[in-house]
Structures are given as structure tokens and as C-alpha cells.
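J.: Quick one: the structure is below, questions incoming.
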Amino acid sequence: MSLEPRRITLADVSSLKPHEQSIQHAVDKLAHEIKTSGRIIHPVVVDAKTGLVVDGTHRVEAVRQLNLRYIPVYRVDYLSESVVLDGWGRVLRKNVVPEKVLQTALDKGFKPVEDEGHDAALCFVENSGRKTCFALDESDLLRLYDRISGLERLLSVHDVSYVPEPELSYILRSGGFRMGYTIRRLRKAEVLNVVEKGFRLPPKSTRHLVDRRPMFVLCPLELLVQEDANRLFEEWLEKGVWVDLGSGVVIDRRYDEKILLYFRQDLRSLYPENVLKLLEAVKV
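Below, the structure written as C-alpha cells:
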């Protein structure tokens, strides 16, 4: 199996435009892992036309922190159907009294609305099925999400975990959690507009599903500092094979989109045990 020519390439880190803010301790941790392993494991997903970082903000920031010029990327057409813009649901795991949670939103200026459509800034969902949505008198997109983020900081005392938005109600019921919430779903045009203006949204504002997402290119850092890095990276990829793992596989998390895994027998020891089992299942 092969990917389209030049879809996986090296990119100058300075040309990439993350659309979400990074979390510094996550950047520091990832930078340490990259430096220690001497490799960048997975390519960053970027829009070929604009340089928008679709997925991989913390990898980009970690590479910048390590003063590396290049990073492996998977170039996609962001506006195509192969990239799906979804959202994250939030589960409140501890010390949840629904009435107090709703009051916290009211105290921060959120106003109840009956419609859970695009005008709702966020919607709280209880395991009983009850849903309470709130809106904000805020026309500026960045200020809207900044205010949502401010409320989320207050809600973090409830030990928030993130789940795919479509699964929130099921997880609340099956996991015995009392309450969770979703935030306003962004449109692709809005995301592009944010990066074109040089701004960023709060973390976890978006969740992207990327069809044929490539993983485990295992790019050595020493390759990235060579003058002919692009040619060397192409040669690196030619030494392995692409394995279609399908969708719904669990690696570091569950991936709902189709995953293509780069595999090299001579690097077998670098793959996690659960990945090797997935490869055995498809008889590689």
C-alpha cells in the first residue's frame, strides 16, 4: 500500500500555523521524549494550502523548543471530506452537584437557551438525559471561546476527562457519571479564519478525524539536520511498508478514522507491544 506522492514530507516548522493554544507542561514532556528517543514518532497533520496544523500542535511546539528546523508532516486538503471537524465531550468525574455546576455558568454570564443549535456556547448533559444549554452575548469568536475557556477552568475542579462528543451521553450512563458537557462546534471556515489572523483557540476546541492518518514514521532527529534532509526522508520512507489497520483501532487512544502504519522490520523493537499485536492480526 502506498500514499499519494509527497503527501508525507518534511516541512519548515516556521511555516506551520497551530490553531489551538499549547499546554506548556505537555510541550516540555514531549520535547523530552523526542530528545531522549532521538526520533519524531508520528507526522503532524497540516493543511497543504495554508499550513494550518490540523493535529499535532504540541509536536510542533516541542520541535520548536528543540530548535529543529524541520518536522515530518502529512499534507491534507482541510476543506475536503477526508478531514472531519468534530468536537470533544467533557465528563465531570468528581464532586458533581448539577445545580451548582449550572449556577457556576450563570455566575459567569452564560444565559440559558432552549435551542442547542449553533448559538449555544455549551450544553450540559446529565446521565438522566436532561440537557441544559447556555449562550453568551458575544459576537467575537475568539472572545466567545476565551469566555468558554474561563468557565472550563472553574469546572476543572471536577476532574474533567475528554471523550468523543458523540459518545458523551453513553459514557455518562455506562460510567456512572452524573454530568458532562459539550462546547460550541466550530466550522472549518472559522478555524481557517483564526489562523489567518494569527490567533489561536483554547486547547480542545476541536477534534479532527483524518482519513488514512499515517503513524509511526519514526523519523531520526539526525536526519532532520542534514542539508539534504528532504531527500533523506523520502529514502527513509521507501525502506518501509504502509499497513492498513482500518478504523477503530486502539494505539495510544482509540482512532475512529482509518489508520495507515509505517512498518520496518529492522525497527521492530521501537513499536509498542499493542501495535505489534495489531500488525500480527493483519498478518504483517
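Numbering (full-length UniProt numbering), first residue to last: 1 to 284. By construction, the Cβ of each residue, glycine as well, lies at the ideal position given by its N, Cα and C atoms.
1) Compute the Euclidean distance between the alpha carbons of P72 and V275, then round it to the nearest angstrom.
2) Note down, one range per segment and in chain order, each alpha helix (DSSP H) of at least 4 residues found wholly within the stretch 146-224.
3) Can you say whether G198 is buried or exposed, counting buried as having 16 or more other CB atoms within 10 angstroms of its CB?
4) Using a 10 Å radius around the Cβ and a threshold of 16 neighbouring Cβ atoms, would you call D55 buried or exposed?
5) Tell me, to the nearest whole angstrom, how far the beta carbon of R75 is from that of T182; I am working on the premise that it is less than 8 Å.
6) Less than 7 Å between C-beta atoms, sequence neighbours within five positions excluded: which residues of the same chain meet that for S15?
7) Going by other Cβ atoms of all chains shown within 10 Å of its Cβ, with 16 needed for buried, is M1 buried or exposed?
8) How big is the Cα-Cα spacing for S37 and R64?
9) By Cβ distance below 8 Å, which residues in the same chain neighbour A105 in space, the five residues on each side in sequence not counted?
10) If L192 sits next to L68, beta carbons under 8 Å apart, how far is it from one beta carbon to the other, in whole angstroms?
11) At a Cβ threshold of 8 Å, is Y170 touching chain B?
12) Indicate whether I41 and L218 have their beta-carbon atoms separated by less than 8 Å.
13) Roughly how many angstroms separate the alpha carbons of D28 and L209, rounded to a whole number?
14) For P203, which residues in the same chain have their Cβ closer than 7 Å to its Cβ, ignoring the five residues on either side in sequence?
15) Report the three-state DSSP secondary structure of K131 (helix, strand or coil).
16) Might you give, ordered along the chain, the residues of its own chain that have their beta carbon closer than 6 Å to the beta carbon of residue 351, omitting 5 neighbours on each side?
17) Comparing C-alpha positions only, which one of H158, R185, N127 sits nearest to R178?
18) Assuming A120 and R184 make a contact with CB atoms under 8 Å, what is their CB distance in whole Å?
19) For A31, count the other beta carbons within 10 Å of its own beta carbon; 16 or more makes it buried, fewer makes it exposed. Which is it?
20) Are there 16 or more other CB atoms within 10 angstroms of the CB of Y70, so buried, or fewer, so exposed?
21) Can the beta-carbon of I171 be found less than 8 Å from the beta-carbon of V91?
22) Could you round the C-beta distance between K188 and L79 to whole angstroms and report it? I think they count as a contact, below 8 Å.
23) Once the 5 residues before and after R173 are set aside, which same chain residues still bring their CB inside 6 Å of it?
24) Of all the alpha helix (DSSP H) runs that stay within the bounds of the UniProt domain "ParB-like N-terminal" (9-91), which reach a length of 4 or more residues?
25) Going by DSSP in three states, K111 sits in which element: helix, strand or coil?
26) Per DSSP, residue 286 forms a beta bridge with which residues?
T.: If we stick to the structure as given:
1) 21 Å
2) 168-175, 188-196, 221-224
3) exposed
4) buried
5) Contact flag wrong, Cβ pair sits at about 30 Å.
6) G51
7) Its pLDDT being 43, under 50, M1 is placed unreliably by the model, and the measurement read from it follows with that caveat. Exposed, by the Cβ-count rule.
8) 17 Å
9) L122, F124, F134, L151
10) Incorrect: roughly 26 Å between the Cβ atoms, too far for contact.
11) You won't find chain B in this structure, because it holds only one protein chain.
12) yes
13) 25 Å
14) E20, Q21, I23
15) strand
16) The structure shown does not extend to residue 351, since the chain is modelled only from 1 through 284, so no value can be given for it.
17) N127
18) 6 Å
19) buried
20) buried
21) yes
22) 6 Å
23) N127
24) 24-37, 57-65
25) strand
26) Outside the modelled stretch of the chain, which goes from 1 to 284, sits residue 286, for which no answer is possible.
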